[in-house]
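Novice: Got a structure here, written out as structure tokens. Questions coming.
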Amino acid sequence: MTQRTATQEEAYLAASESFESNGASHDPAWARELRKDALDRFRELGFPTARRGNEEWKYTDVMPIARVPVRLGAADAAATVDAESVAQASLGAAQWPQLVFVNGRYSEALSSVDALPEGVTTVSLAEAMRSTPDLVQPHLARFAGYADNAFTALNTAFLHDGAFVHVARGLRVDDPIRLLFLSTGDGEETVAQPRVLIVAGEESSASVLEAYAGLSEGDHLTNAVTEIVVGAAARLDYYKVQRQPEQAYHVTNTHVAVERDSRFSSVNIDMGGRLTRNNLNLVTLDQDCSCYLTGFYMVTGRQHVDNQVIIDHAKPYTTSRELYKGILDGRSRSVFHGSIIVREGAVKVNANQVDKNLLLSDQAEADTKPAFWIYCDDVKCGHGAACGHMDPTALFYLRSRGLDERTARGLLTRAFLSEVIEGIANETLRGQIDGLVADTLREWLGDVG
Amino acid sequence: MLQITNLHASVGDVEILKGVDLQVNAGEVHAIMGPNGSGKSTLANVLAGNPSFTTTAGDATFEGESLLGMPPEDRARAGLFLCFQHPIEVPGVRLDHFMRAGFNAIRKSKGMDEYDVLKFDRLLNERVDVVEMDRNLTKRSVNEGFSGGEKKRNEVLQMAIFEPKLSILDEPDSGLDVDALRIVADGINQLRRPDNAIILVTHYQRILNYVVPDQVHVLIDGRIVRSGGKELALEVESRGYDHLGRPAEATQASG
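Protein sequence lines correspond, in order, to chains A and B.
Residues in the first sequence are numbered from 811 upward in steps of one, following my numbering.
Residues in the second sequence are numbered from 15 upward in steps of one, following my numbering.
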């Protein structure tokens, strides 16, 4: 169903028509209204351009994304995927619950939700919109505004499949709830636009792992939107791990809203993709919340990864810590654009933002740009940014103790990320992520011990 | 054990060592003294293979093999050890893991069995006593947040673990108070053996009260201008370096 028309925007509009009349026609009226509104907005916006003056897209050219033929995931794509491939692409422990999506479409056969405790709802979004609209409708598209974001508008225009995670009030869930998004297509391009809504009830405690992986080569485009609502005094640990094939395009818009006394942490990891753009927006809805936004990216070749993080301290006595680290090899490029907003009256806000990059080659380039918008006097905000090559003295120190150069480089590179990895609260995931980093470095540098 | 002949070395275009000759035999302790910028640290780093320095002429052989062109890890595996003047902080790498990795790399290069964690821990537990170091410190990141004294003790601890044939101690006394100096010096003395040798680079005579050298050499402006017994250090202490060499040139040199 590949369509090539005058402009890519028109192709999406055409695809929307068949989408509305086919699989998504049974969705509730309010969902169809929402889609129509978002489609109109997308039509007006079009894809963003990296032209001068467009600060938000200054360093990232989305033209290659706009050129991916519109080939929306078919429901039967899951039939080509076996349980073994799912297991290989999965992170965490096998007994943890997992929803699996293939090219953006939910696959019940590949998913395993038996281990879910009572009080946790983890279902496909399409089902949740039908069966529990009262839990879904109040939050869906509430924080992920699409008025000025073409990708969010496009995702919302095709809002149908995806995941809905709801943790009941006061419930404590130990094992992370996993959402696995696979792209496949026998070398053909596919477009997946999953939508995720996570609602952590008051005084609940849970963690969610959102993972993206590719089972085949090809110009897959993922345009995902995730909305997270953390209730009062709740704790949510959110992990997002992207390991897409090297030709894949990956765009995500994540919107987090945190209520009073809550604690939210996110670990955002990018280890794949040709072009990755993550927008992470967090807003404090009430006072006394703490937020820890960390992440790392490892890119090589001609990979491009762009993280835009906006923290909106709308309320007083809120704390945020941001720590992103990047390792760049080859001719790769990274962008980190961190904005911190402190609204009027948001006294005693404590915000700190750090982005550090380690360049393993002379051709790699890291752009890091902190921005503060502070409308209140009584606050404490800080930032740090660094881009540099490996310290030759440190390398010499390790080698003088008998370690060969490759091992020394590997050790120092892993050590550079350790600050982020050690912050991963779940021990199983922490070990696996550390292992993935070691594997990647082994690929880049040779055996690193 | 070590034979240095007419060694010249530079950083970038600046020549720092301008013809050093030195012979060190097993069982000996040689002190190298000199004012700031005389080339003491350069000599230590050149011998250990720091790639920031280039040797331009002369030679240095260790047990008959030329060190020139030998990567630093191969020198370490051959039994050479540099005790850093300013030990490097390596956040994210646990000290005990780091030491075991180096220790095993050296053993592996000699075709010897590698130590597993248990066996290495036993060795470590025994050797921390040499420098009166808290074993818990070895579970932290390498040198991260260590005091000046702890960093220096850590260097001597590593020397105790690796048991090198030739240890080059680059100002092991800098930044140490009198108590810390005594602990570090005691540690060094415990590691003195008839089959190994030590080159001790220092600016001051005071550590030589504890670690008594067999020979003292005064390095000024990239050359050894005087060699003698331990009494030479006392002479330097009382009269300074000015009467020994070319102070005007010496102050121009860097490193």
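Glycine is no exception: its CB is placed at the ideal position from the N, C-alpha and C atoms.
Mind pulling the chain B residues with CB within less than 7 Å of Thr1203 of chain A?
Specialist: Near Thr1203 of chain A (Cβ distances below 7 Å), the residues of chain B are Ile102.
Novice: Chain A partners of Ile238 of chain B, CB-CB under 7 Å?
Specialist: By Cβ distance, chain A contributes nothing, its closest Cβ being about 24 Å from Ile238 of chain B, past 7 Å.
Novice: For a cutoff of 9 Å on Cβ pairs, would you count Phe98 of chain B as touching chain A?
Specialist: Chain A, which has a Cβ nearer than 9 Å to the Cβ of Phe98 of chain B, makes this yes.
Novice: Contact criterion: CB-CB distance below 9 Å. Does Ala119 of chain B meet it with respect to chain A?
Specialist: Yes, Ala119 of chain B counts as interfacial toward chain A.
Novice: Name the residue from B:Asp27, B:Pro208, B:Pro186 and B:Asp191 whose alpha carbon lies nearest to the alpha carbon of Gly201 of chain B.
Specialist: Nearest of B:Asp27, B:Pro208, B:Pro186 and B:Asp191 to Gly201 of chain B, Cα basis: B:Pro186.
Novice: Using beta carbons (cut-off 9 Å, strictly below), is Gln1242 of chain A in contact with chain B?
Specialist: Output row for Gln1242 of chain A: interface = no.
Novice: Which residues in the same chain as Val933 of chain A place their Cβ atom closer than 6 Å to its Cβ, once the five residues preceding and following it in sequence are excluded?
Specialist: So the list reads Phe974, once near-sequence residues are dropped.
Novice: Please classify Asp110 of chain B: does DSSP put it in a helix, a strand, or coil?
Specialist: Asp110 of chain B: helix per DSSP, three-state reduction.
Novice: Counting only Cβ pairs nearer than 8 Å, list the residues of chain B close to Asp1214 of chain A.
Specialist: Within 8 Å Cβ-Cβ: Pro85, Glu87 and Ala119.
Novice: Apart from the five residues on each side of it in sequence, which residues of its chain come closer than 7 Å, Cβ to Cβ, to Ala951 of chain A?
Specialist: Excluding sequence neighbours, Ala951 of chain A sits near Leu844 and Thr966.
Novice: Quick check on Arg5 of chain B: does DSSP put it in helix, strand or coil?
Specialist: For chain B, the structure presents residues 15 to 269; residue 5 of chain B sits outside this window and is missing.
Novice: For a cutoff of 9 Å on Cβ pairs, would you count Thr1217 of chain A as touching chain B?
Specialist: For Thr1217 of chain A, the answer is yes, since a Cβ of chain B falls inside 9 Å of its Cβ.
Novice: Hey, how far is the Cα of Ser941 of chain A from the Cα of Ala841 of chain A?
Specialist: If I take the Cα positions, the gap works out to 13 Å.
Novice: Kindly indicate the opening and closing residues of the alpha helix (DSSP H) around Gln1242 of chain A.
Specialist: Unbroken alpha helix (DSSP H) run through Gln1242 of chain A: Glu1237 to Leu1255.
Novice: Apart from the five residues just before and just after Phe953 of chain A, which ones in its own chain have a Cβ nearer than 6 Å to its Cβ?
Specialist: Taken in chain order, the residues that qualify are Glu1037, His1065 and Ala1067.
Novice: Looking at the C-beta of Ser1014 of chain A, does it have a partner C-beta in chain B at a distance below 9 Å?
Specialist: So no, Ser1014 of chain A is outside the interface.
Novice: Roughly how many angstroms lie between the CA atoms of Leu990 of chain A and Phe67 of chain B, to the nearest whole one?
Specialist: Between Leu990 of chain A and Phe67 of chain B, the C-alpha separation is close to 52 Å.
Novice: Assuming Asp1185 of chain A is part of the alpha helix (DSSP H), what are its boundary residues?
Specialist: Just to set this straight, residue 1185 of chain A is Tyr in the shown sequence, not Asp. Segment: none, Tyr1185 of chain A is in no alpha helix (DSSP H) and carries neither H nor E.
Novice: For Lys1135 of chain A, list the residues DSSP reports as bridge partners.
Specialist: Beta-bridge pairing links Lys1135 of chain A to A:Phe1106 and A:Lys1166.
Novice: Between the stretch 1084-1098 of chain A and the stretch 1119-1133 of chain A, can you find at least three pairs of beta-carbon atoms closer than 8 Å?
Specialist: The stretch 1119-1133 of chain A is in contact with the stretch 1084-1098 of chain A.
Novice: Quick one, which residues of the stretch 964-981 of chain A are near chain B if we go by CB-CB under 9 Å, in chain order?
Specialist: So the list is empty, because no residue satisfies the distance condition.
Novice: Measuring only the C-alpha atoms, how far is Val1006 of chain A from Arg1045 of chain A?
Specialist: For Val1006 of chain A and Arg1045 of chain A, the distance between alpha carbons rounds to 18 Å.
Novice: Figure out for me which residue from B:Val142, B:Ile120 and B:Gly236 has the closest Cα to the Cα of Pro86 of chain B.
Specialist: Looking at the Cα atoms, B:Ile120 is the closest of the given residues.
Novice: Can you tell me which of the three DSSP states Gly201 of chain B falls into?
Specialist: In this structure, Gly201 of chain B counts as helix in the three-state DSSP scheme.
Novice: Just to confirm my understanding: we take Trp906 of chain A, look at its own chain, exclude 5 residues before and 5 after, and list those with CB closer than 7 Å. What are they?
Specialist: So the qualifying residues of the chain are Ala925, Asp985, Pro986 and Arg988.
Novice: Consult DSSP for Met873 of chain A and reduce its assignment to one of helix, strand or coil.
Specialist: In this structure, Met873 of chain A counts as helix in the three-state DSSP scheme.
Novice: By the criterion of Cβ-Cβ separation under 8 Å, what are the contact partners of Glu1229 of chain A in chain B?
Specialist: Simply Pro105 and Gly106.
Novice: Do the stretch 23-31 of chain B and the stretch 53-65 of chain B meet, that is, are 3 or more Cβ pairs less than 8 Å apart?
Specialist: Short answer: they touch.
Novice: Can you give me the C-alpha to C-alpha distance between Ala1043 of chain A and Ala1034 of chain A, rounded to a whole angstrom?
Specialist: Between Ala1043 of chain A and Ala1034 of chain A, the C-alpha separation is close to 28 Å.
Novice: Quick check on the burial criterion: 16 or more other C-beta atoms within 10 angstroms. Buried or exposed for His1199 of chain A?
Specialist: His1199 of chain A should be labelled exposed.
Novice: Bridge partners for Glu79 of chain B per DSSP, in chain order?
Specialist: Note: Glu79 of chain B sits in a beta bridge opposite B:Phe76.
Novice: With a threshold of 9 Å between beta carbons, is Gly201 of chain B in contact with chain A?
Specialist: Taking Cβ atoms only, chain A never reaches closer than 9 Å to Gly201 of chain B, which makes this a no.
Novice: Would Met47 of chain B pass as an interface residue toward chain A - the criterion being a Cβ-Cβ separation below 9 Å?
Specialist: No, because no Cβ of chain A sits closer than 9 Å to the Cβ of Met47 of chain B.
Novice: Restricting to Cα atoms, I'd like to know which of A:Asp1249, A:Ala1021, A:Asp1187 and A:Val977 is closest to Gln908 of chain A.
Specialist: For Gln908 of chain A, the nearest C-alpha among the options comes from A:Ala1021.
Novice: Does any residue of chain A have a CB that is nearer than 9 Å to the CB of Asn39 of chain B?
Specialist: No - not a single Cβ of chain A is within 9 Å of the one on Asn39 of chain B.
Novice: Taking Cβ positions, are Val1051 of chain A and Ala1010 of chain A nearer each other than 9 Å?
Specialist: Not in contact: Val1051 of chain A and Ala1010 of chain A (Cβ atoms no closer than 9 Å).
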